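A short worksheet on the structure shown next.
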Amino acid sequence: MAVIVYAESDNGIYKKSSFEATTYGKDLADKLGTDCIAVTIGNKGTQNLGVYGAESELNVSGSTFDSFNPQTYATALSEVASSNGGDTIVISQTYTGKSIAPLVAVKQDAALVTGIVDMVDTSNGFTVKKTCFSSKAIGHVSINHSKRVLTLIPNSYKIYQDGSEISSSEVSTSVSDADNNTTIEATDKVTGKIPLTEAELVVSAGRGLKGPENWDMVEELADVLGAATACSKPVSDMEWRPHSEHVGQTGITIKPNLYIAAGISGAIQHLAGVGSSKVICVINTDPEAPFFKAADYGIVGDAFDVIPRLIKRAKEIKAS
Amino acid sequence: MKILVCVSVVPDTTTKITFTDNDSQFNKAGVQFIINPYDELSLTRALEITEASGGTVSVITVGEADTEPVIRKALAMGATDAIRVDASPKDGMYVAAQIAVQAKSGEYDLVLTGRESIDYNGGQVQGLLAEMLNWPLINVATELDADASTVKATRDIDGGRETLSCALPAVVSAQKDLCEPRIPNMRGIMMARSKPLNVVPATEKYDYTSITSYELPPAKSGVKMIDAAKAEELMDLLHSTEKLF
Ligand SMILES: Cc1cc2nc3c(=O)[nH]c(=O)nc-3n(C[C@H](O)[C@H](O)[C@H](O)COP(=O)(O)OP(=O)(O)OC[C@H]3O[C@@H](n4cnc5c(N)ncnc54)[C@H](O)[C@@H]3O)c2cc1C
Ligand SMILES: Nc1ncnc2c1ncn2[C@@H]1O[C@H](COP(=O)(O)O)[C@@H](O)[C@H]1O
């Protein structure tokens, strides 16, 4: 028995969600009375995963893993799990994690639960909470099977860093270049910005901002706070902002600690993607805007007046 | 080319979600069911591809008889025929196993799914199917083209997009931006009535997971309004009280 955590990295940098998955795996292993083993694939990050709770770390490396392919990554993870007695595999629910988890589940003949938002309850079997109906509900899923693959929604579990450093060891798998069944032709990544899926703070704006030329203040507020930027669907449909910023039912689902929404009405499909954010601040000229019902802080006011003042105040706070 | 499009039947996006039987069952009363929005995209794109270069598009649903009106809508959009695996979908593994059987026996070249069903937000079936069939997976595709032997697609990755290709047969899941969903016209609706909708029994057994109960997300404790004239206070609250920056 062991809990296996996939610690995802991107070009030598761990995703923050990997630390979260590691802490989650450690706490779960404690509950189950077993060990938490972190597995890295390809060019791993520099931090020591022991600090985040891993009791051992196994690395799969080699040029085969230079580019991401669901089949090669899933095979590697599954083989390492099998050879280390892994019966519960924790993967954070990034795009990469979502692509490999189902493959690993079939390879392991394991139950698969995605969209997990909380720690497993082992008081009566093995039950876990997952998001349902686009964040409108939480389902309690009972797993009636001895092997499980679990994917954890980023920003659902508190990371700790009080573990001790561990050494890692290289492991080999049967995976070779021949297992790679897709050919990547081009990659287009936003660089130098905080990716929305990993951001803890998000500043977002909607059609109330009237045009793409008015986004400078949104970006500036985000910059001052160290936040990522997001937008509503019409804004990305009209190409005022890149599609990668579109949050909601049909866009990205995010769960940041802070979501500031300016000039967004708060339609149910928008809330589906952002409603689980921890602190929601809404700025809207219309006191009846539905978003206020889902907010923690609200300002009835004109974004063109309010945002510049928020920027000014945030700068003062930062400077003091 | 033979394309199989997986369609899940889900509550309309504006549905207010409630539960019955001690919060153990989703309350279907008064709920309008629709084709999962992402499946509408994959179906539309499948039709565009076959209309341009020949082939057929079949749709498949794992569902009970009450899903048939929605399946007819998929036929009205232009699908050639439909398969309904007569079962209540238990979980992703169960659904994928039924579809895998049909995908194999029907000798399809390409299986399309949505990025996820908007009811249980699993995002599982595409990957499970790919592995069960031992076919390549291209997940969350925003562009898709296929010829007789290869698919070329663009997919979302964390922080960007990537263009890639693979050999057929393959599984591809649809993400928004793939195309504009097609709306059935009157002729399509008329024709759909006489198109084949084959009902087959479920053959695969999986019961690894079950949803035992539901809860609604914790309600917000109420909004604290800040006077617009003192908007700056928001930053002080976020800094000192919430400690967010
Ligand atoms: C199937 C489906 C899926 C969808 N998926 C999504 C999704 O994923 N994400 C999404 O966002 N939407 C989605 N939508 C669309 C959604 O229903 C709304 O239409 C959309 O969210 C509205 O965007 P908005 O709030 O930016 O614009 P609007 O609804 O036009 O709201 C603009 C708001 O700005 C306010 N405002 C105007 N001027 C100012 C000002 N100067 N200062 C401050 N406030 C101002 C107005 O009072 C208003 O509340 C979906 C719809 C459907 C049917
Ligand atoms: N019951 C079902 N019948 C047919 N296809 C389904 C069913 N459930 C899910 N799918 C397909 O699998 C995709 C992902 O679904 P899910 O894993 O349930 O989020 C959906 O977009 C559908 O294309």
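From first to last, the protein sequence lines stand for chains E and P. For the first sequence, the working numbering gives the first residue as 197, with consecutive numbering after it. For the second sequence, the working numbering gives the first residue as 23, with consecutive numbering after it. For every residue, glycine included, the Cβ atom is placed at its ideal position computed from N, Cα and C. Please read all numbers here as calculations on a predicted model, not as lab measurements.
- Boundaries around R509(E) are those of the alpha helix (DSSP H), 499–515, since no beta strand (DSSP E) includes it.
- Distances between the C-beta of L134(P) and the heavy atoms of ligand 2 include at least one below 8 angstroms.
- In this structure, V431(E) has its CB closer than 8 angstroms to one or more heavy atoms of ligand 1.
- Around S338(E), the beta-carbon contacts reaching into chain P at under 8 angstroms are T231, S232, I233, T234.
- For the options I503(E), P438(E), S278(E), K332(E), the alpha carbon positioned closest to that of S370(E) is the one of S278(E).
- Looking at the DSSP output, F55(P) sits in a beta bridge with P33(P).
- Only exposed fits P91(P), as fewer than 16 other CB atoms lie within 10 angstroms of its CB.
- Taking 7 angstroms as the upper bound on Cβ-Cβ separation, chain P lies near residues N377, T378, T379, I380, E381, A382, T383, D384, K385, V386 of the segment 355–389 of chain E.
- A residue is called buried once 16 or more other Cβ atoms fall within 10 Å of its Cβ, and Q54(P), having fewer, is exposed.
- About 14 angstroms separates the CB atoms of E153(P) and G145(P); that is not less than 8 angstroms, and the two are not in contact.
- With respect to the C-alpha of F329(E), the residue from N44(P), P158(P), K24(P), F48(P) having the closest C-alpha is F48(P).
- Rounded to whole angstroms, P33(P) and N58(P) show a C-alpha spacing of 8 angstroms.
- For P223(P), the enclosing beta strand (DSSP E) starts and ends at 219–223.
- Chain-ordered, the chain P residues with CB closer than 7 angstroms to the CB of H341(E) read Y230.
- Taken through DSSP and simplified to helix, strand or coil, S338(E) comes out as strand.
- The DSSP assignment places no complete alpha helix (DSSP H) segment of no fewer than 4 residues inside the segment 338–380 of chain E.
- Contact of P239(P) with chain E is assigned, a C-beta pair being separated by under 9 angstroms.
- Residues of chain E whose Cβ lies closer than 9 angstroms to the Cβ of C188(P) are, in chain order, N377, T378, T379.
- Straight through space, the alpha carbons of C477(E) and V256(E) are spaced by roughly 43 angstroms.
- Buried is the label assigned to R437(E), since at least 16 other Cβ atoms lie within 10 Å of its Cβ.
- Taking D305(E) as reference, the option from D283(E), T318(E), N320(E) with the minimal CA-CA separation is D283(E).
- Contacts between D492(E) and chain P, judged by CB atoms closer than 7 angstroms, involve K242, V245, K246 in chain order.
- The contact set of Q445(E) on chain P, defined by CB atoms closer than 9 angstroms, consists of T35, P59, I140 in chain order.
- Taking the Cα positions, L159(P) is about 5 angstroms away from V193(P).
- Rounded to the nearest whole angstrom, the CA to CA distance from K246(P) to D178(P) is 37 angstroms.
- Counting C-beta pairs closer than 8 angstroms gives three or more between the segment 218–226 of chain P and the segment 112–125 of chain P, which meets the contact rule.
- Every residue whose Cβ sits closer than 5 angstroms to any heavy atom of ligand 1 is listed here in chain order: G402(E), R403(E), G404(E), S428(E), K429(E), P430(E), G444(E), Q445(E), T446(E), G447(E), G459(E), I460(E), S461(E), A463(E), Q465(E), H466(E), N480(E), T481(E), D482(E), A485(E), D498(E), A499(E), T35(P).
- Residues of the segment 228–247 of chain E that bring their beta carbon within less than 8 angstroms of a beta carbon in chain P are absent altogether.
- For the options I450(E), N376(E), N340(E), the alpha carbon positioned closest to that of P391(E) is the one of I450(E).
- Setting aside the 5 residues that flank it on each side, A490(E) is surrounded in the same chain by G462, L467, G471, I476, each with a C-beta closer than 7 angstroms to its C-beta; the list follows chain order.
- A196(P) places its beta carbon 9 angstroms or farther from that of L97(P).
- Listed in chain order, the non-local C-beta contacts of V313(E) below 6 angstroms within the same chain comprise K325, T327, I349, S352, local neighbours out to five positions each way being set aside.
- Shown here for L245(E): same chain residues with a beta carbon closer than 6 angstroms to its own, the five before and five after excluded, namely A203, T218, A234, E253 in chain order.
- In this structure, the C-beta of N376(E) stays at least 8 angstroms away from each heavy atom of ligand 2.
- From the listed residues A272(E), K332(E), I355(E), the smallest Cα separation to T40(P) is found for K332(E).
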